[in-house]
Amino acid sequence: MANETGNGDGGGLGDDWAAMLEAEAGGGDTAGRVLNQDEIDSLLGFDASASSSVELTGVRALINSALVSYERLPMLEIAFDRLVRLATTTLRNFTSDNVEVSLDSITSVRFGDYLNSIPLPAILSVIKAEEWDNFGLLTVDSSLIYSMIDVLLGGRRGTSVIRVDGRPYTTIEMALARRMIEHILDDMRKAFEPLAQVTFKLDRMETNPRFAAISRPGNAAILVELRIDMDDRGGKIEIMLPYATIEPIREQLLQMYMGEKFGRDPIWEGHLATEIYAADTEISAVLHELELPLSKVLKLAEGDTIMFDRAPSDPVTLRCGDVDLTKAVMGHIGKNVSVRVTRPLNPPKVTMAAFEAMEESAEGK
Numbered sequence: 019m020a021n022e023t024g025n026g027d028g029g030g031l032g033d034d035w036a037a038m039l040e041a042e043a044g045g046g047d048t049a050g051r052v053l054n055q056d057e058i059d060s061l062l063g064f065d066a067s068a069s070s071s072v073e074l075t076g077v078r079a080l081i082n083s084a085l086v087s088y089e090r091l092p093m094l095e096i097a098f099d100r101l102v103r104l105a106t107t108t109l110r111n112f113t114s115d116n117v118e119v120s121l122d123s124i125t126s127v128r129f130g131d132y133l134n135s136i137p138l139p140a141i142l143s144v145i146k147a148e149e150w151d152n153f154g155l156l157t158v159d160s161s162l163i164y165s166m167i168d169v170l171l172g173g174r175r176g177t178s179v180i181r182v183d184g185r186p187y188t189t190i191e192m193a194l195a196r197r198m199i200e201h202i203l204d205d206m207r208k209a210f211e212p213l214a215q216v217t218f219k220l221d222r223m224e225t226n227p228r229f230a231a232i233s234r235p236g237n238a239a240i241l242v243e244l245r246i247d248m249d250d251r252g253g254k255i256e257i258m259l260p261y262a263t264i265e266p267i268r269e270q271l272l273q274m275y276m277g278e279k280f281g282r283d284p285i286w287e288g289h290l291a292t293e294i295y296a297a298d299t300e301i302s303a304v305l306h307e308l309e310l311p312l313s314k315v316l317k318l319a320e321g322d323t324i325m326f327d328r329a330p331s332d333p334v335t336l337r338c339g340d341v342d343l344t345k346a347v348m349g350h351i352g353k354n355v356s357v358r359v360t361r362p363l364n365p366p367k368v369t370m371a372a373f374e375a376m377e378e379s380a381e382g383k
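The opening residue of the sequence shown carries number 19 in this note's numbering; numbering runs sequentially from there.
Encoded structure:
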């Protein structure tokens with residue numbers, strides 16, 4: 019019985035040792051396995067499947083609490099919506115193909131974080147806003163570069179674009195990418211034209227993010243992601259503008275969106291000007307004003323005389339509401355009292371461009 023028990027225990031121990039050896043062998047295979055790109059991105063926190071609209075919590079929310087939200091600049095999204103429409107037409111003419119440009123997102127980022135998150139290889143274009151005397155960054159990913167080259171050089175549709183990694187971009191590839199970027203910059207100029215006159219010039223093109231440092235790593239910036247699709251090919255363009263760059267037009271960006279033409283509709287301007295010109299206004303001729311104590315005003319009775327320190331020839335003030343229009347001299351025509359204007363109207367505090375334009379058009383007709 020003892021031998022049988024011992025043999026039984028020995029068999030159990032042998033089975034346990036065998037299971038442990040197999041587990042160690044399996045663990046060794048797991049340790050030696052190479053992680054794929056998705057797993058690496060997940061470990062580093064770059065989850066491509068995660069939506070950018072997910073609310074940040076904890077330490078990351080505290081770190082990003084100082085960033086200014088682009089939603090406080092309503093006209094900025096309108097300008098980039100205009101850029102999307104302009105770029106769609108421009109790239110269709112440039113490639114002679116069906117190109118669709120869409121606005122993926124507009125977010126606030128720190129410049130250093132964005133520079134470290136750029137997937138390589140890519141072309142980083144340093145752009146200068148001439149009138150604002152500052153810089154921005156326009157990044158074109160490799161998928162769009164090779165797709166654009168394939169389209170421009172007559173590649174067949176339906177074939178996947180071959181990415182060539184491990185080598186720098188050739189002179190031809192850089193030249194074609196430069197032409198596309200210059201078209202985008204010209205469309206950016208047109209998109210911002212209703213807000214301010216600005217010219218975006220291509221300063222230089224880099225492939226290493228370290229050479230594209232146009233701002234301090236901790237500075238906040240606006241990041242705009244554009245998606246460009248050409249049938250079964252395409253890629254992304256990212257436009258990064260530091261807040262210091264758009265500071266000269268901050269007041270314009272804070273305005274509310276008032277219409278397709280940024281609130282400047284000539285048809286409605288002319289209609290409103292016509293209606294305002296036809297409106298009836300009440301004008302008062304003020305001879306003199308003085309202040310009296312309330313106690314004296316309450317004691318006024320029939321027959322009391324209030325002395326004005328004015329002569330009959332002194333000018334009177336023509337007033338509309340609370341606004342003094344001009345000065346005039348009192349007189350009479352027949353049995354009616356009249357006033358004669360002695361100087362031009364006071365300069366208005368608001369522009370009269372709409373009314374002047376309407377007068378010119380009426381005279382032209």
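Glycine included, C-beta positions come from ideal geometry on N, C-alpha and C.
Predicted model, so just to flag it, every value in this text is computed and none were measured.
- Contact between Lys219 and Asp159 does not hold, since their C-beta atoms are separated by about 22 Å, which reaches or exceeds 8 Å.
- Contact check between the segment 221-232 and the segment 137-148: three or more CB pairs, one atom from each, fall below 8 Å, which counts as touching.
- Exposure of Trp286 is indicated by the presence of fewer than 16 other C-beta atoms within 10 angstroms of its C-beta.
- In the three-state reduction of the DSSP assignment, Asp168 falls in the helix class, which pools H, G and I.
- By the beta-carbon neighbour count (other beta carbons within 10 angstroms, threshold 16), Glu148 is exposed.
- Cys338 and Pro330 have their C-alpha atoms some 22 Å from each other.
- The alpha-carbon separation between Ser161 and Leu271 amounts to approximately 32 Å.
- The alpha helix (DSSP H) runs lying completely inside the segment 269-340 and spanning 4 residues or more are 284-295 and 312-316, given in chain order.
- In terms of Cα proximity to Ala195, the closest of Asp249, Ser165, Ala214 and Leu213 is Ser165.
- Counting other Cβ atoms within 10 Å of its Cβ, Glu211 stays below 16 and is therefore classed as exposed.
- Per DSSP, Glu243 is one residue of the beta strand (DSSP E) stretching across Ala238 to Met248.
- Shown here, Leu363 sits in coil according to DSSP, grouped into three states, outside any helix or strand.
- Sorting Leu244, Ala303, Leu312 and Leu305 by C-alpha distance to the C-alpha of Leu156 places Leu244 at the top.
- Contact annotation: Ile202 and Ala105 have beta-carbon atoms nearer than 9 Å.
- When secondary structure is reduced to three states using DSSP, Val102 falls in the helix class.
- Using a Cβ-Cβ distance cut-off of 8 Å, the segment 256-269 and the segment 294-311 are not in contact, since fewer than three pairs of beta carbons, one from each stretch, lie closer than that value.
- Under the three-state reduction of DSSP, Asp131 is assigned to helix.
- Annotated as distal: Asp115 and Asp221, with beta-carbon spacing of 9 Å or more.
- Going by beta carbons, Leu336 and Thr344 fall inside the 9 Å limit.
- Taking a contact as a CB-CB distance under 8 Å, the pair Ser120 and Val102 counts as one, their CB atoms being some 7 Å apart.
- Looking at the DSSP output, Arg197 bridges to nothing.
- Within the same chain, Thr225 come within 7 Å of Pro186 by CB-CB distance, once the 5 residues on both sides are set aside.
- Counting every other CB atom within 10 Å of its CB across the protein chains shown gives Glu256 a total of 16 or more, marking it as buried.
- Within the same chain, and ignoring the five residues on either side of Met192 in sequence, the residues whose Cβ sits closer than 7 Å to its Cβ are Met223.
- Residue state for Pro92 is assigned as helix, using DSSP reduced to three classes.
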